[in-house]
């Protein structure tokens, strides 16, 4: 079982709960819905998540 700490969401979301938040594990990143935190966590490797963020920043996902 994965254990994640330091859950955080974007500051731009303010008090809204229609967003996702990230938690940090030793080798993985956890992603969950703030409206349903007990509904499950998507787990991805740190390298894969870094590649995903790089693709977003470079606008390669269109």
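Residue numbers (our numbering): 2 to 63. Glycine residues also receive a C-beta, built at the ideal position from the N, C-alpha and C atoms.
Going by the beta-carbon positions, is the gap between residue i and residue j smaller than 9 Å?
i	j	result
residue 10	residue 35	yes
I'd like the list of long-range same chain contacts for residue i, defined as Cβ closer than 7 Å, with 5 residues on each side in sequence excluded.
i	result
residue 64	Lying outside 2 to 63, the shown extent of the chain, residue 64 is not represented and no answer is given.
residue 19	36
residue 4	26
residue 14	20
Might you give, ordered along the chain, the residues of its own chain that have their beta carbon closer than 8 Å to the beta carbon of residue i, omitting 5 neighbours on each side?
i	result
residue 28	46, 47
residue 40	33, 34
residue 42	3, 5, 24, 31, 32, 33
Give me the Cβ distance between residue i and residue j, rounded to the nearest whole Å; I'm assuming they're in contact under 8 Å.
i	j	result
residue 31	residue 44	6 Å
Going along the chain, which residues of its own chain have a beta-carbon closer than 6 Å to the beta-carbon of residue i, five neighbours each way excluded?
i	result
residue 50	30
Three-state secondary structure (DSSP) at residue i?
i	result
residue 69	This structure cannot settle anything about residue 69, because the visible part of the chain is limited to 2 through 63.
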